[in-house]
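The structure appears below as structure tokens.
2 protein chains.
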Amino acid sequence: MATFQAFEYSRRIGAIKNAMADAQLDLLVVTSPPNMNYSVGYDAWSFYVPQAILLPLSGEPVWVGRAIDLECARHTTVLPDDALFGYDDSYLAKGRHGADYIADIVRATFPGARQIGVEMDAPFYTAQFHARLAAALPDRTLTDADTLINWVRLTKSHAEIDVMRQAGALTDIAMQRAIDAIEPGVRQSHIAGLIYEALIDGHPDYCGDVPDFQTLPMGSRTSAPHLTWTDERFAAGSACTLELGANRFRYHAPLARTVHVGPPPTELIDLSHVVEEGLVAALAAVRPGALASDVADAWNVVIARAGIEKPSRIGYSIGLGYPPDWGERTVSLIATDRTPLQPNMVFHLMLGIWGRASSYELSETFVVTAKGASCLSGLDRRLSVK
Amino acid sequence: MATFQAFEYSRRIGAIKNAMADAQLDLLVVTSPPNMNYSVGYDAWSFYVPQAILLPLSGEPVWVGRAIDLECARHTTVLPDDALFGYDDSYLAKGRHGADYIADIVRATFPGARQIGVEMDAPFYTAQFHARLAAALPDRTLTDADTLINWVRLTKSHAEIDVMRQAGALTDIAMQRAIDAIEPGVRQSHIAGLIYEALIDGHPDYCGDVPDFQTLPMGSRTSAPHLTWTDERFAAGSACTLELGANRFRYHAPLARTVHVGPPPTELIDLSHVVEEGLVAALAAVRPGALASDVADAWNVVIARAGIEKPSRIGYSIGLGYPPDWGERTVSLIATDRTPLQPNMVFHLMLGIWGRASSYELSETFVVTAKGASCLSGLDRRLSVK
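Order-wise, the sequence lines are chains A and B. My numbering applies: residue 6 is where the first sequence begins, and numbers increase by one. My numbering applies: residue 6 is where the second sequence begins, and numbers increase by one.
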């Protein structure tokens, strides 16, 4: 069973084909796991071997992957059986490559495709994958079509936003349980375990899949944004920045909050006020037609007043995701990105200030609506003191 | 704090440099997350952006990555501060690439390096990453050094095996809790949530990190090896194949078992006996000097007698892992792999028979010792009936 109804995939494939026509492509070799899912529903933990959706400008797409994953394709895609092609494990041996098999299917199924788009910077589309594909298709032209589908994904359907709101509800449950449970003497991993349990099974009506991305630095590790937990225990004076996000049908709704055990230093309280004010200002700048940079600028005005600088981006578009990242690799909320916001785009507005003395994280995932930003979370934004 | 003591990393870097000398490389650009961890300790969830360890044949390695991850490198590597180089977020914009910055550091820090090894088929070393690096270093030769470090990783140190045994203990706890909790009416995601909680925080003395790889197909989805759970409930007559593996300091110890709710069909019982007999035969073939193919052959003799064929590999070397995979991408247990086994190699022997009528999984992670295979798990191997 694919996640959505057939017409949702038809609509998506139509939009992808329009973009392919603009780019003058006859065929797209889709290798990014979220793009494979987006186009035909494919959802399995098989992206450690070469696999692809071959999506022609005219005609129907096919799935190509490892033979033992044919059943995964039968279970999750909208494709008929005769559109699924699997290679045996001899392709995993040294000197062979799944790309050779993919090239054979391109040749057999799409003999007329001359201009072929490939996702040059997609994780798992390795240098070797590309070199083998190019060598096996010398009479075709491979062009960079990286993020072509990612840009189609940017504006969500109502069905997608419903699913993201379910993810948001799971995220809130997990975050609240974590904040409630943090206290002196509790092992950091206890909080991490609670969070995972809640992200997966915390809601009575539906479950979450395992989230892609996880950072829960605690104690002195909060100065580093992308670390996880340890088996140390919380002590008075220690902080924890929680960045987590449930995943419902692989749609993510991230959220960040900061907790401090015991009375927080004045510096951290002040920082929390500035960041919250900045968040409110950034959200207030969201409306259809505003630019991504307008959101960043609104934030920058607030923090500049407090003498803080943050050169890194403050957010990114979000939706379908697989490891290594839950971002969409399209729009960034940063002063240099002039993309106009449109209704039903979704962003993770992620305000992280990492310093060796104090670190603070606060984020919201929001949908762009005609009335402005609609946040998926309903949780209190203040620094939690335990 | 790096996971191991400094001499462990010195030993590893020495072994890598020996392999580099054999391959006539002046410099290795290490981009695979487990290889970055193996060589200098780097451990952060930052591999969705370009980053590398630059490891010269003569001299000391350096870390290059995104500036906001410099603190992650300070926290987790054995490198001094002046060996860490970070690029700002302008490199994330369209038309720019972290590879350009990495090339600048190669040029500035290793001006004499002519023969440069790159990991052509490593996940995250994308076609674009390679193209940009090659374009920015026209006076150097980039050669394929894919899996050079993976092969060094194949034989573990005692310190590594101690950590893998800790992971094995966490895995057993999670598996046992899952098997105990499966019963009619229980939501599949409830079991998944319990498993994650136990993998992370199930042991009183130490914690696990989040596992890389997860497949817990239940019910009719067991015919497909790489699916996860849903929010359906267990019912009498449904089976569940559990493949899971704790991760301690990112060393994995996977394990698979099969559970059936209610009296199992005779066909499944028979299959479980054949697979267990095959597992015992495969383990008995393990000794230093035996070939990887000998293990597969021992298994194939048993299943052939029962009229079963399994063309896919029955296992692979394992140790350090990051998404998308916990395998090491070196030795496979398959009839065509003639690698001799040596003490302190570790393998996941994974016996999965996936059929539409019945599916069965049974696995063990074992260390090659002078006396034969030493399994990390102590759990009962039989089909569990609930």
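All C-beta atoms in this analysis are idealised placements derived from N, C-alpha and C, irrespective of residue type, glycine included.
Along chain B, which residues have their Cβ under 7 Å away from the Cβ of A/I205?
S194, A197, G198 and Y201
Touch test, the stretch 46-57 of chain B against the stretch 322-338 of chain A, Cβ-Cβ under 8 Å, three pairs minimum
yes
For A/R318, I'd like the list of residues in its chain whose CB is within less than 7 Å of its CB, leaving aside the five on either flank, ordered along the chain.
S337, L338 and I339
Identity of the residue in A/G360, A/T344 and A/V372 nearest A/L354 by Cα:
A/V372
Quick one, which of A/D109, A/N349 and A/Y321 has its alpha-carbon nearest A/T341's?
A/Y321
Mapping DSSP to helix, strand and coil, what is B/I339?
coil
Have a look at the DSSP bridge pairing and note the partners of B/A244.
B/H265
How should B/K99 be labelled, buried or exposed, when 16 other C-beta atoms within 10 angstroms of its C-beta is the threshold for buried?
exposed
What does a CB cutoff of less than 6 Å around B/R387 pick up in its chain, not counting 5 residues either side in sequence?
none
Suppose contacts are defined by Cβ-Cβ distances below 9 Å. Is A/A186 in contact with A/G250 by that definition?
no
The stretch 233-260 of chain A: positions lying closer than 8 Å to chain B by Cβ:
T233, W234, T235 and D236
Contact between the stretch 250-259 of chain B and the stretch 277-284 of chain B is defined here as three or more beta-carbon pairs at a separation below 8 Å; is this criterion met?
no
Is there a Cβ from chain A that is less than 9 Å from the Cβ of B/W50?
yes
Whole alpha helix (DSSP H) elements within the stretch 56-103 of chain A, 4-residue minimum
75-81
Do B/T335 and B/R158 count as a contact pair if the criterion is CB distance below 9 Å?
yes
Within 8 Å, do at least three Cβ pairs link the stretch 23-39 of chain B to the stretch 125-140 of chain B?
yes
Looking at chain A, is there any beta carbon in it that lies within less than 9 Å of the beta carbon of B/D214?
yes
Under 9 Å Cβ-Cβ, which residues of chain A neighbour B/D302?
Residues of chain A passing the Cβ test: none, with the nearest at roughly 15 Å.
From the DSSP output, in three-state form, read off A/V45 for me.
helix
Around the C-beta of A/K161, are 16 or more other C-beta atoms found within 10 angstroms, so that it is buried, or is it exposed?
buried
Quick check for students: name the residue ranges of the beta strand (DSSP E) that lie wholly in the stretch 144-215 of chain B, counting only runs of 3 or more.
146-149
According to DSSP, is A/M25 part of a helix, a strand, or is it coil?
helix
Going by DSSP, which residues form a beta bridge with A/F371?
A/F352 and A/C380
Who pairs with B/I323 in a beta bridge, going by DSSP?
B/G332
Any chance the stretch 137-147 of chain B sits against the stretch 110-125 of chain B, with 3 or more Cβ pairs inside 8 Å?
yes
Partner residues on chain B for A/P39, Cβ-Cβ distance less than 7 Å:
Chain B residues near A/P39: none, gap ~12 Å exceeds 7 Å.
9 Å Cβ cut-off: residues of chain B touching A/S337:
D94, L97 and A98
Check the Cβ-Cβ distances between A/G332 and every residue of chain B, and say whether any is below 9 Å.
yes
Consult DSSP for A/G250 and reduce its assignment to one of helix, strand or coil.
strand
Would A/G324 and A/E333 qualify as a contact pair, given that the criterion is a beta-carbon distance under 9 Å?
yes
Restricting to Cα atoms, I'd like to know which of A/L288, A/A311 and A/V307 is closest to A/V300.
A/L288
Put A/L276 into one of helix, strand or coil per three-state DSSP.
helix
Closer than 7 Å, Cβ to any Cβ of chain A: which residues of the stretch 67-90 of chain B, in chain order?
I73, D74, E76, C77 and H80
Does any residue of chain A have a CB that is nearer than 9 Å to the CB of B/Q347?
no
Residues of the stretch 120-144 of chain A whose Cβ lies closer than 8 Å to any Cβ of chain B, in chain order
V123, M125, D126, A127, P128, F129, Y130, T131, A132, Q133, F134, H135 and A136
Per DSSP, what are the beta-bridge partners of A/G357 in this structure?
A/E366
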